[in-house]
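In the numbering used here, the protein residues as written are 4 to 210.
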């Protein structure tokens with residue numbers, strides 16, 4: 004699969020300067036142009052790692068993992084010290100994610116082609132999302148037009164996501180960049196809130 008998606012070879016050495024431009028250059032062209040709007044920026048992944056360093060991490064789950072940027076780079080930063088799982092409902096993006104995993108030789112990270120609204124995995128210590136319901140909104144810079152886009156569908160999905168979050172155990176952390184789709188999350192308290200690079204970085208804790 005690797006050669007199908009990547010036309011460059013390289014190796015990331017943790018500690019070297021990483022930028023979105025460098026990372027995205029290994030993606031298929033059509034996904035490079037979506038990067039500023041769809042894939043988690045490098046500085047957000049690094050901020051997440053800084054938070055995780057001071058917390059007790061058993062596993063991290065990315066809801067709507069896209070091309071795997073968050074999961075793979077976090078794996079490199081953490082040197083595979085805990086399991087990381089990305090859930091994505093587009094098969095093509097899961098294939099790209101697996102290729103990126105191979106490219107950077109990332110360890111203890113995996114991807115699954117599944118709809119997290121319908122099949123929500125429990126038991127992880129930390130969850131991450133970058134506005135995972137955006138594709139049901141009638142906004143610009145969408146990945147494709149495969150999903151129904153309407154206010155009604157968005158509200159329906161948001162309610163499903165909130166109900167899934169309520170199933171999480173107390174002390175479970177939810178890390179968000181540009182939110183989860185709403186501004187209020189019952190059953191959670193905000194333990195960290197920062198404005199970083201035109202986006203809001205929050206950490207929620209299940210009460």
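The C-beta atom is built at its ideal place from N, Cα and C for all residues, glycine as well. Predicted model, so just to flag it, every value in this text is computed and none were measured.
Asked: Contained alpha helix (DSSP H) runs [length at least 4] in the stretch 75–111, N- to C-terminal order; Found: 94–107
Asked: Inside the stretch 117–196 only - beta strand (DSSP E) runs reaching at least 3 residues; Found: 129–132 and 176–180
Asked: Residue-level contact to chain D via CB, residue 105, 8 angstroms cutoff; Found: No chain D is part of this structure, which consists of one protein chain only.
Asked: CB contact flag (residue 135, residue 111, <8 angstroms); Found: no
Asked: Option in 88, 114, 170 and 72 with minimal Cα separation from residue 28; Found: 72
Asked: Cα-Cα separation, residue 163 to residue 120; Found: 6 angstroms
Asked: Heavy atom of the ligand HEM within 7 angstroms of residue 160 beta-carbon; Found: In the structure on display, the ligand HEM does not appear, and there are no ligands present to speak of.
Asked: Same chain, Cβ closer than 7 angstroms to residue 205, five either side skipped, listed in chain order; Found: 179, 193, 195 and 196
Asked: Rounded Cβ spacing between residue 75 and residue 52 (contact assumed at less than 8 angstroms); Found: Rounded, the Cβ-Cβ distance is 13 angstroms, inconsistent with contact.
Asked: Cβ-Cβ separation, residue 65 to residue 89 (assumed contact under 8 angstroms), whole Å; Found: 4 angstroms
Asked: Neighbour-count burial assignment, residue 153, 16 or more Cβ in a 10 Å radius; Found: exposed
Asked: From 155, 104 and 165, residue whose alpha carbon lies closest to that of residue 77; Found: 104
Asked: Buried or exposed by the 16-neighbour rule on C-beta atoms within 10 Å, applied to residue 255; Found: Look at the range of the chain in this structure, 4 to 210, and you will see that residue 255 is not part of it.
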